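Student: In our numbering, the protein residues as written are 923 to 1214.
Note that CB positions come from ideal geometry on N, CA and C, so glycine has one too.
Predicted model only: the values in this text are computed from it and were never measured.
What follows is a structure written as structure tokens; I'll ask about it next.
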């Protein structure tokens, strides 16, 4: 965003927007329209061929010129799908679980487009160092994802022996889940932070959900509180006691460390959103005035 703001403040950008010259905004708009017309025309031609409207358009030569083109096109479609489902009006119409699975497919979308980049990208053809550098970046990202999303959360959860120990019904549709373990303080969690929680049940092992701590963590226990608002949160009270738990986190800077910088703190929350405030209040240093 800072980069875009700096572009808007450039003298050339200001001149384009404010000048009445025909060479300013009208010219830029014309060039943009011409370029987009070419792109749209090519896309329309390919679309008509795929739909059978223009069978005389041959696609086989494209496959020879651009290896892995169709796989890359599928990857592009998956990325577009993720973007569309993130749009507010669309997102509000689909379940969280559906949205989450769709966004997992962005990994597949990136993978499907990889070979098309390497084999046909102008910056890679005849430039082995560029290609090696790009491949190394992808490998680094894959290693980071596997390490931080799978290996580290799994190892920490096993080391701290995290299991669901208790579920308490707090009110209509509101439940507190207690996660027991050992040496939990080594996680460095504080009230106000959140974890991504994954319960290793038959139907829910593949899903993780972000919930804030609703009580200050102890060396043997973590607690978070959930209100039944969707399919997953409605079933959370049915998770068997003793289920193993894998966590990612803690995340967030809304903690006692932030609050301790001030002598007067105002906390604002509503509904089940007050639960992290409860956890922070447990840990705010003495002498700090709190308004809730």
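#1: Using a Cβ distance threshold of 8 Å, determine whether the stretch 1145-1155 contacts the stretch 1178-1197, with at least three qualifying pairs required.
#2: Pop quiz: residue 994 and residue 1026 are said to be a contact at Cβ under 8 Å. What is the actual Cβ separation, rounded to whole angstroms?
#3: Taking its Cβ as the centre, do 16 or more other Cβ atoms sit within 10 Å of residue 1162, making it buried, or is it exposed?
#4: Measuring straight from C-alpha to C-alpha, what distance separates residue 955 and residue 1019?
#5: Tell me, to the nearest whole angstrom, how far the beta carbon of residue 1118 is from that of residue 1169; I am working on the premise that it is less than 8 Å.
#6: Helix, strand or coil for residue 1006, going by three-state DSSP, please let me know.
#7: With which residues is residue 1100 paired in a DSSP beta bridge?
#8: Any contact between the stretch 1135-1146 and the stretch 1094-1103? By contact I mean 3 or more CB pairs, one from each, below 8 Å.
#9: From the DSSP output, in three-state form, read off residue 1162 for me.
#10: Do residue 1177 and residue 1203 have their beta-carbon atoms positioned less than 8 Å apart in this structure?
#11: Considering only C-alpha positions, which residue in the set 1114, 950, 998, 936 is nearest to residue 1173?
#12: Per the DSSP calculation, residue 1093 is bridged to which residue(s)?
#13: Going straight from the alpha carbon of residue 1070 to that of residue 1171, what length do you get?
#14: Work out the CA separation of residue 950 and residue 1057 for me, nearest whole Å.
#15: My guess is that residue 1017 and residue 1152 are in contact by the Cβ rule of under 8 Å, so how many angstroms apart are they, rounded?
#16: What's the call for residue 1054, buried or exposed, on a 16-neighbour Cβ count within 10 Å?
#17: Under 8 Å, do residue 997 and residue 1085 count as touching if we go by C-beta distance?
#18: Please go through the stretch 1011-1056 and give each complete alpha helix (DSSP H) segment of 4 or more residues, from N-terminal end onward.
#19: Run the CB neighbour count on residue 1183, radius 10 Å, all protein chains shown included, and call it buried at 16 or more, exposed below.
Tutor: The relevant details are as follows:
#1: yes
#2: If you number the chain shown from 1, residue 994 lands on position 72. If you number the chain shown from 1, residue 1026 lands on position 104. With a Cβ gap of about 19 Å, residue 994 and residue 1026 do not count as contacting.
#3: Sequence index remark: in the chain shown, residue 1162 carries index 240 (1-based). Flag for residue 1162 reads exposed.
#4: On the chain shown, position 33 is the one that residue 955 refers to. On the chain shown, position 97 is the one that residue 1019 refers to. When rounded, the distance between both Cα atoms is 39 Å.
#5: Position 196 of the chain shown, counted from the first residue, corresponds to residue 1118. Position 247 of the chain shown, counted from the first residue, corresponds to residue 1169. Between residue 1169 and residue 1118 the Cβ distance is about 7 Å, and since that is below 8 Å, they are a contact.
#6: Along the chain shown, one-based indexing puts residue 1006 at 84. Residue 1006: helix per DSSP, three-state reduction.
#7: Your numbering for residue 1100 matches position 178 in the chain shown. Per DSSP, 1088, 1145.
#8: yes
#9: Taking the first residue of the chain shown as position 1, residue 1162 is located at position 240. Reduced to three states, the DSSP call for residue 1162 is coil.
#10: Counted from its first residue, the chain shown places residue 1203 at position 281. Counted from its first residue, the chain shown places residue 1177 at position 255. For residue 1203 and residue 1177, no; Cβs fall outside 8 Å.
#11: By one-based count along the chain shown, residue 1173 stands at place 251. Cα-wise, what sits closest to residue 1173 is 1114.
#12: Mapped onto the chain shown, residue 1093 falls at position 171. Answer is 1096, bridged to residue 1093.
#13: Here residue 1070 is taken as the residue at index 148 of the chain shown, counted from 1. Here residue 1171 is taken as the residue at index 249 of the chain shown, counted from 1. Between residue 1070 and residue 1171, the C-alpha separation is close to 10 Å.
#14: Here residue 1057 corresponds to residue number 135 of the chain shown, with the count starting at 1. Here residue 950 corresponds to residue number 28 of the chain shown, with the count starting at 1. Taking the straight line joining both Cα atoms gives about 36 Å.
#15: Counting from one through the chain shown, the residue named residue 1017 turns up at place 95. Counting from one through the chain shown, the residue named residue 1152 turns up at place 230. Right, their Cβ atoms sit about 7 Å apart.
#16: Counted from its first residue, the chain shown places residue 1054 at position 132. Looking at its Cβ environment, which holds fewer than 16 other Cβ atoms inside 10 Å, residue 1054 is exposed.
#17: The sequence position of residue 997 within the chain shown is 75, counting from 1. The sequence position of residue 1085 within the chain shown is 163, counting from 1. No, the Cβ-Cβ distance between residue 997 and residue 1085 is not below 8 Å.
#18: 1018-1042
#19: Here residue 1183 refers to the residue found at position 261 when the chain shown is read from its first residue. The residue in question, residue 1183, is exposed, as its Cβ has fewer than 16 Cβ neighbours within 10 Å.
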